[in-house]
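Reminder that position 37 of the sequence shown reads as 40 in this note's numbering, one-by-one numbering, no gaps. Backbone N, C-alpha and C define an ideal beta-carbon position, used for all residues, glycine too. One structure below.
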Amino acid sequence: MSIADDPDRAPARSHLYAMGLTDEDMRRPKIGIASTWTGTMPCNLTHRELAAHVAEGVRQAGGTPMEFNTIAVSDNLTMGTPGMRASLVSREVIADSIELMGRAHQFDAIVAIVGCDKTAPGAIMALSRLDVPSVVLYSGSMMPGRWRDRDVTIQDMWEALGERSVGKLTQDDVDDLARHACPGAGTCAAQYTANTMSGICDFLGLAPFGVGDIPAVAPAKNDAARLVGEIVMDALARDARPSRVITEASLHNAIVSVAAMGGSTNSVLHLLAIAREAGVPLAIDDIDRICHQVPIVAGVKPAGPHSAADLWRAGGTSLVVRRLLDAGLLREDVVLVDGRTLAEVAGEAREEPGQEVVRTVAAPVKGPGALAVLRGSLAPDGCVLKLGGKPDFVFSGPARVFDGEEACFAAIQARQIIDGDVVIVRYEGPAGGPGMREMLSITGALVGQGLDVALVTDGRFSGVSHGLVIGHVAPEAYRGGPLALVQNGDTVVVDSAARTLDLRVDPAELDLRARAWSRPERPVERGVLAKYVATVGSASDGAVTI
Ligand code: FES
């Protein structure tokens, strides 16, 4: 019985009448529209407008839309500050808050509008828990900025700080770049975490191919949002719920998409967390195995020279589907939320004549291996190397150990890091940080100074980060992982072909160090971060809190 017809729900009806709903509206399917709008950053600025267009599409297709909001944390604005500790934690809060709204208001279906990095994984986790027919709408990338006759993104901004420290740029140059790097609303403008997650939403089957690619400020985005309102009604009719969409096959395709587009290391955490919520077995080593088979075919920064807008103009993720299907790299036994098959998506893909952004698998941008999972004496439970399609290599060097990001950044700025060092940044893990801060200020400074070093941390990296970076080291230092026992001058060896990260210290010496080690003080005592420290698990399991 609908709320319009249940005699005992008259008090509830009175509030719906107060909102302008009619009896007929109450009899229609109730579609939740979860927006992650915040006015604190450009990434999600368009969400309220998009929500209105989704609502219009829902109404036209016979549903009753109900909008609600949740939070979002800007990675770029919090980077290099204590505020970055809130970033990964926000994924859990987004998931929990959308889930709670879904449980409370019992929507028949949901559209989740996502943008900045943690919003997509948080939303997918919630949709999976609720398991009602659902569509994800990615609000879209920012256009690249223009500075000194070249396209620039936030990546150039961070690397400019390193270039300033070696005298290649002045502070005036950096300030001028800051005024030009980000021209308007949208997510960071290349294949960083947000756009990587958009690709995952497409390839998982939760977002209609061709919608997420449209940049945030393109007029076509509002039309696409209306279409999403219609698609969710169709998904409701077809019962396209996440438990039918998120499967072992669709997760395989999502991992392939990360590899093929040179995506962010954060995707490893998020894929593991999504799989866990969906009840689909996925281990961190599965991600390595799949990435190992897929070359980088989309030349988007940081793997290539192009922006996300360039990828959209070239043909977008639909064109990437065509390339990957042609090479037999995708599983076709999947359900897409708009009812199409992958073959139909590939067939409908348009390719801009002469485009150079999306290559073929036979002649890729870079070889296989966007990401690799290493294990070894320094990371018994695994860690993630941003391989970026580089050929196999061995890197061996003396450890330079820092407890926390700030100490490391100060040493880099003071020119105390030299070529060949293995820079260790520890006590930045899920519990020890807490919140696994991203080390973009450090990687940007290292790249800007042109240093040939390796960086190893139990924290994370921004999708912007590149160079020889290894994160998510597990177990983390705070929980007594071997990273806690490293001392300055110890030899650390990275072997990408063998997939190993080893600390070359005599086991007896390590045993002595382990006995002398004691866990540092709890990093926080109160509030949401303290709750997080008490509940968060290993990065190798997705750093989930249940
Ligand atoms: Fe929001 Fe980059 S900081 S997408």
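For D216, the distance from the CB to the nearest heavy atom of the ligand FES is not below 7 Å. For Y481, no alpha helix (DSSP H) run applies, since DSSP gives it neither H nor E. With a cutoff of 7 Å, A126 does not count as near the ligand FES, since its C-beta is closer than that to no heavy atom of the ligand. Burial check for H18: the Cβ neighbour count within 10 Å stays below 16, so the residue is exposed. Within 7 Å of the C-beta of A197 there is at least one heavy atom belonging to the ligand FES.
Excluding the 5 residues flanking it on each side, R516 has same chain C-beta neighbours closer than 6 Å at L488, in chain order.
Take the alpha-carbon of T320 and the one of A115: they are about 20 Å apart. The count of Cβ pairs closer than 8 Å, one atom from the segment 57 to 71 and one from the segment 23 to 34, reaches three, so the stretches are in contact.
By the Cβ-count criterion, L103 is exposed, with fewer than 16 other Cβ atoms from all chains shown falling within 10 Å of its own Cβ.
Rounded to the nearest whole angstrom, the C-alpha separation of A240 and G215 is 23 Å.
If the five residues before and after G385 are omitted, its C-beta is found closer than 6 Å to the C-beta atoms of I287, V376, R378, A477 and S543, all from its own chain and listed in chain order. C204: member of the alpha helix (DSSP H) spanning T196 to L207, first to last residue. For T446, the enclosing alpha helix (DSSP H) covers residues L443 to G451. For H469, the closest alpha carbon among the candidates D159, H56 and P367 is that of D159. Distances from the CB of T190 to the heavy atoms of the ligand FES include at least one below 7 Å. The DSSP-derived three-state label of K389 is strand. Here the alpha carbon of L24 sits roughly 12 Å from the alpha carbon of I6. Boundaries of the beta strand (DSSP E) harbouring E70: T67 to N72, taken from the DSSP string. For N269, the shortest separation between its Cβ and any heavy atom of the ligand FES does not lie below 7 Å.
The segment 274 to 285 makes no contact with the segment 351 to 359, as fewer than three CB pairs between them are under 8 Å. V536 and A434 have their C-alpha atoms roughly 5 Å apart.
A direct Cα-to-Cα measurement between A243 and V497 gives close to 44 Å.
Cβ neighbours of A500 within its own chain (closer than 7 Å, five residues either side excluded): D395. Taking a contact as a CB-CB distance under 8 Å, the pair V368 and A301 counts as one, their CB atoms being some 7 Å apart. DSSP places G400 in the strand class (E or B) of the three-state scheme. Distance between W40 and N47, taken at the CA atoms: about 5 Å.
For secondary structure counted as the beta strand (DSSP E) over 3 or more consecutive residues, the segment 78 to 147 holds these complete runs in sequence order: 112 to 117 and 137 to 141. A278 and G125 have their C-alpha atoms spaced approximately 12 Å apart.
Contact annotation, G453 with A163: C-beta distance approximately 13 Å; criterion of less than 8 Å not satisfied.
If you check the C-beta of C185 against the ligand FES, you find no heavy atom less than 7 Å away. The segment 6 to 64 contains, as complete beta strand (DSSP E) runs of 3+ residues, the segments 33 to 38 (chain order).
Taking the C-beta atoms as reference points, V340 is found nearer than 8 Å to V248.
In this structure, A263 lies away from V303, with their beta-carbon atoms at least 8 Å apart. In the structure shown, R362 adopts coil according to DSSP, grouped into three states.
In terms of Cα proximity to S310, the closest of V425, D237 and N198 is N198.
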